[in-house]
Structure formats: structure tokens, C-alpha cells
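S.K.: Residue numbers (my numbering), protein chains in the order written: chain G, 38 to 282; chain R, 38 to 282.
Cβ coordinates follow ideal geometry from the N, Cα and C atoms, glycine included.
Before I ask anything, here is the structure I am working with.
Number of protein chains: 2
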Amino acid sequence: MLTDAERSRICVVLVRARNPNNIGAVARAMHGFGFTDLRLVNDYSVSLEKARSAIDASDILARSRFFATVADAIADCRLVVGTTAVGKRKQEHTIYTLAGGAPLIRNAAASGPAALLFGSEKTGLSNQALSHCQWLMTIPMHQTPGVRHASMNLGQAAAVCLYELVRESQETPLGILPSGATAGELERLTELWGSLLDATGYAQRRPAGADPDEVRRTIRRLNLSQSDARRWLGILRQIRWKISG
Amino acid sequence: MLTDAERSRICVVLVRARNPNNIGAVARAMHGFGFTDLRLVNDYSVSLEKARSAIDASDILARSRFFATVADAIADCRLVVGTTAVGKRKQEHTIYTLAGGAPLIRNAAASGPAALLFGSEKTGLSNQALSHCQWLMTIPMHQTPGVRHASMNLGQAAAVCLYELVRESQETPLGILPSGATAGELERLTELWGSLLDATGYAQRRPAGADPDEVRRTIRRLNLSQSDARRWLGILRQIRWKISG
Chain G
38 MLTDAERSRI
48 CVVLVRARNP
58 NNIGAVARAM
68 HGFGFTDLRL
78 VNDYSVSLEK
88 ARSAIDASDI
98 LARSRFFATV
108 ADAIADCRLV
118 VGTTAVGKRK
128 QEHTIYTLAG
138 GAPLIRNAAA
148 SGPAALLFGS
158 EKTGLSNQAL
168 SHCQWLMTIP
178 MHQTPGVRHA
188 SMNLGQAAAV
198 CLYELVRESQ
208 ETPLGILPSG
218 ATAGELERLT
228 ELWGSLLDAT
238 GYAQRRPAGA
248 DPDEVRRTIR
258 RLNLSQSDAR
268 RWLGILRQIR
278 WKISG
Chain R
38 MLTDAERSRI
48 CVVLVRARNP
58 NNIGAVARAM
68 HGFGFTDLRL
78 VNDYSVSLEK
88 ARSAIDASDI
98 LARSRFFATV
108 ADAIADCRLV
118 VGTTAVGKRK
128 QEHTIYTLAG
138 GAPLIRNAAA
148 SGPAALLFGS
158 EKTGLSNQAL
168 SHCQWLMTIP
178 MHQTPGVRHA
188 SMNLGQAAAV
198 CLYELVRESQ
208 ETPLGILPSG
218 ATAGELERLT
228 ELWGSLLDAT
238 GYAQRRPAGA
248 DPDEVRRTIR
258 RLNLSQSDAR
268 RWLGILRQIR
278 WKISG
């Protein structure tokens with residue numbers, strides 16, 4: 038789990054991103070995952086007023102900084118990581134998958150600034166920009182034999198990388214699961230259900246399906262919440278009333 | 038690790054996505070992670086020729102299918118999962134984080150078709166669309182106190198979700214899960230159940246409990262196996278026969 042202080046130490050550096058909407062989409066992903074430090078390396082200025090794709094991330098754009106060179110942009114960082122599409126260039130760096138590299142970035146951010154570099158959508162990071170990186174990280178993409186390597190747009194790539202950085206392997210449902218029905222309530226439901234199978238003639242036609250243990254198991258498999266169990270009881274009572282009436 | 042066959046069983050369903058570039062970006066993310074089955078639910082046709090954002094994913098767009106309703110789009114699916122921004126609506130479904138829900142989708146895809154639903158960027162999935170879902174999944178976003186909940190664009194949200202589905206992990210399914218009922222079977226069960234609520238007078242006494250979306254959600258919460266769903270259909274038909282007789 039990254040603290041807010043750690044998130045503030047991880048900066049996203051966009052090298053030669055030219056499309057304001059791509060920059061805006063990156064800012065939006067940063068905002069969504071709690072990152073704030075956006076740095077732009079460009080040899081000419083890009084008008085961020087056109088970055089309508091930023092939506093709620095206008096604060097991040099307003100505080101973003103322009104730099105003329107990669108060296109200037111990352112001068113304060115203790116770890117510099119480049120992102121790349123695998124198979125694109127000859128390998129001169131150690132390349133980690135996203136899941137492999139993210140813990141290293143989290144560790145670095147515990148003690149000092151770390152930079153995550155993204156290149157332009159068309160050409161990626163240049164060899165010069167890559168030469169500033171300690172190692173590289175790649176999003177594992179699906180390989181179709183004979184087909185050009187797939188890629189994502191800049192906003193998507195940033196979203197996936199930042200998601201992995203904050204990812205928690207939490208497997209329990211969010212929020213409050215509804216309170217389960219009691220065994221007593223389930224048993225009343227089971228008895229009522231069994232009596233309906235008799236009353237409708239189903240038990241005579243399909244004895245195996247109306248076996249009391251099978252009926253009990255069937256009801257238990259539903260994993261009913263208390264409110265659902267009570268509603269089902271109400272409905273079954275109404276059905277019984279209708280049938281006997 | 039998802040096999041190619043499993044990836045082909047997971048379909049992405051976009052409900053009321055209107056912007057061709059958003060649809061194209063989703064197709065691009067699918068292509069990048071090896072998914073192929075894109076289904077579009079719209080009450081009017083969207084020109085996919087304008088989806089320039091698809092880049093290498095033109096095959097996926099060419100093979101995508103239009104449906105008039107959510108029910109039609111997911112009829113063959115044994116698991117239907119909605120995506121949502123947490124905190125947006127009152128909670129009527131179990132909500133998993135992405136990391137919590139992905140293993141359940143992988144398990145389902147081992148034996149049959151599974152659907153992952155995305156709503157429009159502006160409004161998300163409607164309550165009617167959500168009522169078709171067994172449970173919901175959300176991308177955990179950073180909460181800034183007092184600030185409107187962050188969100189991502191549709192292409193980013195799809196990329197992050199699909200990345201999590203193919204992300205390498207050591208999780209292995211616990212035993213073999215029974216094959217789930219198809220959405221078509223569950224919808225038949227829903228209709229039969231709704232007609233019983235009318236026929237018994239329950240709908241008149243408790244209109245809220247007989248609301249069609251609420252009935253649909255109630256049935257989806259049961260997570261019925263195929264064999265159980267068929268048995269329930271048989272029992273409900275018997276009840277209907279008894280009531281009308």
C-alpha cells in the first residue's frame with residue numbers, strides 16, 4: 038500500500054508527448070490513482086488548455102512543469118524507470134514486467150523521488166531518453182504470431198502502470214456484504230419449499246428433486262442474505278395461500 | 038494464466054457507448070491483451086469507421102456485434118459482471134475490487150462464456166443494465182476528501198480491467214466449479230418468477246419487491262448453477278400450472 042507521501046514522490050515524465058488530449062488522459066489517470074507530479078519534456082510548448090480529456094485533473098495540469106531535457110526533468114530522482122514495448126529495440130537494459138518492476142518502484146518511493154518515463158505514442162522513448170533509465174518496465178501484451186506488436190495509447194499505458202503501482206491484492210468484497218440468513222430462517226424456508234413441492238405435485242413427478250436433504254442443500258447453495266431470505270419466505274407464503282385458496 | 042481459448046470466452050460488452058474513439062480505444066486494449074469478442078448495445082448504430090483510435094484492432098471492430106438490449110447481448114454468458122465507480126449508487130450488488138473479481142472471471146472463463154459490462158462514460162451502467170449482473174467490479178480509485186470521485190475514460194478503464202485479467206499471478210482456482218446457468222436461462226427464470234408474483238397477488242401487496250429490476254437482481258444474486266437453474270425452472274412451471282389449474 039503506497040502512502041500519500043510515497044505517491045507524491047513518484048513523478049510521471051512524458052517525453053515529447055504532443056497531443057494535449059493524451060497528456061490530459063495521463064493526468065486523469067494520475068488523479069484517479071492519487072499521483073500528483075507530472076513533468077513534461079518538450080522542445081516546444083504544448084497548450085494544455087486544449088487537454089479537455091483531463092476532466093477532474095486540471096489541478097495536476099496546472100501544477101505540471103515543462104523541462105527542455107530529460108536530464109533536467111529527472112535531476113532530483115533517485116530511481117529512473119523507462120517504459121517500453123518489448124521486442125521493439127535491442128535490449129540494453131534489464132526489462133521487468135509491470136508486476137515485477139512495481140515493487141521496486143514502491144520501495145524506492147519510500148525514501149526518495151522516483152520517475153516513470155513515457156515516450157511519445159508513435160516512437161516511444163528515444164535511445165537518448167532510455168539512457169537515463171536504470172531499468173525498463175513493460176506492460177505484457179499478447180503476441181499474435183506474424184502480427185505487429187500491439188500497443189496502447191498513452192493514457193491507457195499510464196493508467197495500467199499506475200494501477201499496478203497502487204494495486205492491492207485485496208480479494209474480499211468492498212463494502213459491507215449483506216448479513217446472511219440464519220440457519221433457522223433457512224430451515225423454515227426449506228420446510229415451506231418442501232411443502233410447496235408436495236402441494237403442486239412436483240414431488241410426485243420428480244421424487245429425487247423433492248428429497249428433503251436435496252431440498253435443504255438447494256436452499257443452502259443460494260447463500261441468501263437475511264433480507265432476501267425474508268422476502269423469499271413472504272413470497273412462498275403467498276404462493277401457498279394462493280394454492281390452497 | 039489465461040489460455041487463448043479462455044480469452045476468447047470473455048466478451049466485453051459496451052452499453053450505450055456513443056463515441057467511436059472510445060469504442061476504438063477499448064478494441065485496442067482488447068487486442069493488446071488478446072481478447073477478441075466485442076459486443077455493443079445501442080439503440081442506434083454507431084459508425085465504427087470513425088474509430089481511428091483502434092489502430093491495430095480493426096479486426097475486433099469488424100467482428101464486433103450490435104445488440105438492441107443487454108439481455109440479447111449476454112444471453113449465452115454464464116457469468117455477467119458489471120463495472121462501476123464505487124460510491125456512485127446505493128449498493129444492491131456485491132462489489133469486488135478488480136484484483137478480487139478477476140480470479141472469479143478467470144474461473145468462469147475456464148468452462149463457459151463470461152461478459153464484462155461497461156457503461157457510457159457519462160452515466161455508467163443504468164440500474165436496468167446492472168440488474169443483469171451477478172456482481173460488480175470496481176477499479177479502486179484514490180479518494181480525496183471533499184472532491185468528486187475520480188474516474189477514467191472508457192479506454193483506460195477497459196485497459197486496466199483487461200490487464201488485471203491477464204496479469205500473471207500464482208492464484209489457482211480451488212477445485213472445479215459447477216458450470217453456471219446462462220444469462221438466457223436466468224432471464225427465463227426471472228420472467229417466470231415475475232409472472233408468479235403477479236399471479237399470486239404478491240406484486241399487488243408488495244410492489245417494491247416485484248419491481249422487474251429488483252426481481253432480476255434477486256435471481257442473479259443466487260449464482261445458480263446450470264443444473265440448479267433448470268430444476269428451478271421445472272419447479273416454477275409446476276407452481277404456475279398448479280395456480281392456473
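So, at 8 Å on beta carbons, what are the nonlocal neighbours of A136 (chain R) in its own chain, with the 5 sequence-adjacent residues on each side left out?
M.R.: Answer for A136 (chain R): E201, listed in chain order.
S.K.: Starting from the Cα of S216 (chain R), find the closest Cα among R:N59, R:M38, R:S262, R:S168 and give me that residue.
M.R.: That would be R:S262, whose Cα lies nearest to the Cα of S216 (chain R).
S.K.: Starting from M67 (chain G) and walking both ways along the alpha helix (DSSP H), at which residues does that stretch end?
M.R.: Run containing M67 (chain G): 57 to 70, per the alpha helix (DSSP H) assignment.
S.K.: Using beta carbons (cut-off 9 Å, strictly below), is P244 (chain G) in contact with chain R?
M.R.: By this cut-off, P244 (chain G) is not an interface position.
S.K.: Could you tell me whether the segment 101 to 118 of chain G touches the segment 47 to 54 of chain G, using the rule of 3 or more Cβ pairs below 8 Å?
M.R.: Verdict: yes, contact present.
S.K.: Output needed in chain order: residues of the segment 67 to 95 of chain R with a Cβ under 9 Å from some Cβ in chain G.
M.R.: Here the close residues are H68, G69, F70, G71, F72, S90, I92, D93, A94.
S.K.: Are the beta-carbon atoms belonging to R115 (chain G) and T73 (chain G) less than 9 Å from one another?
M.R.: No; because the gap between Cβ atoms is not below 9 Å, this pair is not in contact.
S.K.: Determine, for S188 (chain R), whether the minimum Cβ-Cβ distance to residues of chain G falls below 9 Å.
M.R.: Yes - at least one Cβ of chain G is within 9 Å of the one on S188 (chain R).
S.K.: Any residues in the segment 226 to 259 of chain G with a beta carbon nearer than 8 Å to a beta carbon of chain R? Which ones, in chain order?
M.R.: Of all residues in the segment 226 to 259 of chain G, L233, L234, A236, T237, G238, Y239, R242, R243, G246, T255, R258, L259 have a Cβ within less than 8 Å of some Cβ in chain R.
S.K.: By how many angstroms is the C-alpha of A110 (chain R) removed from the C-alpha of I97 (chain R)?
M.R.: Their backbone Cα atoms lie some 16 Å apart in a straight line.
S.K.: Taking Cβ positions only, does H169 (chain R) come closer than 9 Å to chain G?
M.R.: With 9 Å as the cut-off, H169 (chain R) does not count as an interface residue toward chain G.
S.K.: Return helix, strand or coil for L162 (chain R), following the three-state DSSP convention.
M.R.: Residue state, collapsed to three classes: coil.
S.K.: Please go through the segment 109 to 157 of chain G and give each complete beta strand (DSSP E) segment of 3 or more residues, from N-terminal end onward.
M.R.: The qualifying runs are 116 to 120, 132 to 134, 151 to 155.
S.K.: With a threshold of 16 other CB atoms inside 10 Å of the CB of A150 (chain R), please say whether the residue is buried or exposed.
M.R.: According to the sequence shown, residue 150 (chain R) is Pro rather than Ala. The residue is buried, with at least 16 neighbouring Cβ atoms inside 10 Å.
S.K.: According to DSSP, simplified to helix, strand and coil, what is S262 (chain G)?
M.R.: Strand at S262 (chain G).
S.K.: Beta-carbon of G119 (chain R) versus every beta-carbon of chain G: anything under 9 Å?
M.R.: It does not: the Cβ of G119 (chain R) has no partner Cβ on chain G nearer than 9 Å.
S.K.: Quick check on DSSP: helix, strand or coil for T219 (chain R)?
M.R.: The answer is coil: DSSP assigns T219 (chain R) none of H, G, I, E or B.
S.K.: Would A187 (chain R) and G61 (chain G) qualify as a contact pair, given that the criterion is a beta-carbon distance under 9 Å?
M.R.: Taking 9 Å as the Cβ cut-off, A187 (chain R) and G61 (chain G) do not qualify as a contacting pair.
S.K.: Looking at the secondary structure, which residues open and close the alpha helix (DSSP H) in which R98 (chain G) lies?
M.R.: Before going further, note that residue 98 (chain G) is Leu rather than Arg in the sequence given. From DSSP, the alpha helix (DSSP H) with L98 (chain G) extends over 95 to 100.
S.K.: If you reduce the DSSP assignment to three classes, tell me which class D248 (chain R) lands in.
M.R.: Coil.
S.K.: Given N260 (chain R), which residues of its chain have a CB within under 8 Å of its CB, disregarding the five upstream and five downstream residues?
M.R.: Cβ neighbours of N260 (chain R) beyond the five flanking positions: Q171, G217.
S.K.: For L261 (chain R), would you say it is in contact with chain G, using Cβ-to-Cβ distances shorter than 9 Å as the test?
M.R.: Yes, because at least one Cβ of chain G sits closer than 9 Å to the Cβ of L261 (chain R).
S.K.: Check each candidate in R:R100, R:E86, R:A147, R:R65 and name the one with the smallest Cα separation from T40 (chain R).
M.R.: Nearest of R:R100, R:E86, R:A147, R:R65 to T40 (chain R), Cα basis: R:A147.
S.K.: Determine the DSSP secondary structure at I47 (chain G), reduced to helix, strand or coil.
M.R.: Residue state, collapsed to three classes: strand.
S.K.: Quick check: the Cα distance between N59 (chain R) and L173 (chain R), rounded to an integer number of angstroms?
M.R.: The straight-line gap from Cα to Cα measures roughly 21 Å.
S.K.: Would W278 (chain G) be called buried (16 or more neighbouring beta carbons within 10 Å of its own) or exposed?
M.R.: The residue in question, W278 (chain G), is exposed, as its Cβ has fewer than 16 Cβ neighbours within 10 Å.
S.K.: Helix, strand or coil: how does DSSP classify T175 (chain G) here?
M.R.: DSSP places T175 (chain G) in strand when its eight states are reduced to three.
S.K.: For the alpha helix (DSSP H) containing L202 (chain R), list its first residue and its last residue.
M.R.: That run of the alpha helix (DSSP H) goes 191 to 203.
S.K.: Taking 9 Å as the cut-off, decide whether the C-beta atoms of T134 (chain G) and T175 (chain G) are in contact.
M.R.: It is a contact, given that the beta carbons lie within the stated cut-off.
S.K.: Could you pull out every residue in the same chain whose Cβ sits closer than 7 Å to the Cβ of L233 (chain R), ignoring the five residues on either side in sequence?
M.R.: Contacts found: L273, I276, R277.
S.K.: Got a sec: is the Cβ-Cβ distance from I111 (chain G) to anything in chain R below 9 Å?
M.R.: I111 (chain G) does not count as touching chain R.
S.K.: With R76 (chain R) as the anchor, note down where its beta strand (DSSP E) starts and where it stops.
M.R.: Residues 74 to 78.
S.K.: Would you mind sorting G25 (chain R) into buried or exposed? The rule is 16 or more other CB atoms within 10 Å of its CB.
M.R.: Past the edges of chain R, shown from 38 to 282, lies residue 25 (chain R), and the structure says nothing about it.
S.K.: Taking 9 Å as the CB-CB limit, is G156 (chain R) close to chain G?
M.R.: No - not a single Cβ of chain G is within 9 Å of the one on G156 (chain R).
S.K.: Looking only at its chain, what residues have a beta carbon closer than 7 Å to the beta carbon of T227 (chain G), apart from the 5 residues adjacent to it on each side?
M.R.: Cβ neighbours of T227 (chain G) beyond the five flanking positions: V252, R253, I256.
S.K.: Between I280 (chain G) and chain R, is any beta-carbon pair separated by less than 9 Å?
M.R.: I280 (chain G) counts as touching chain R.
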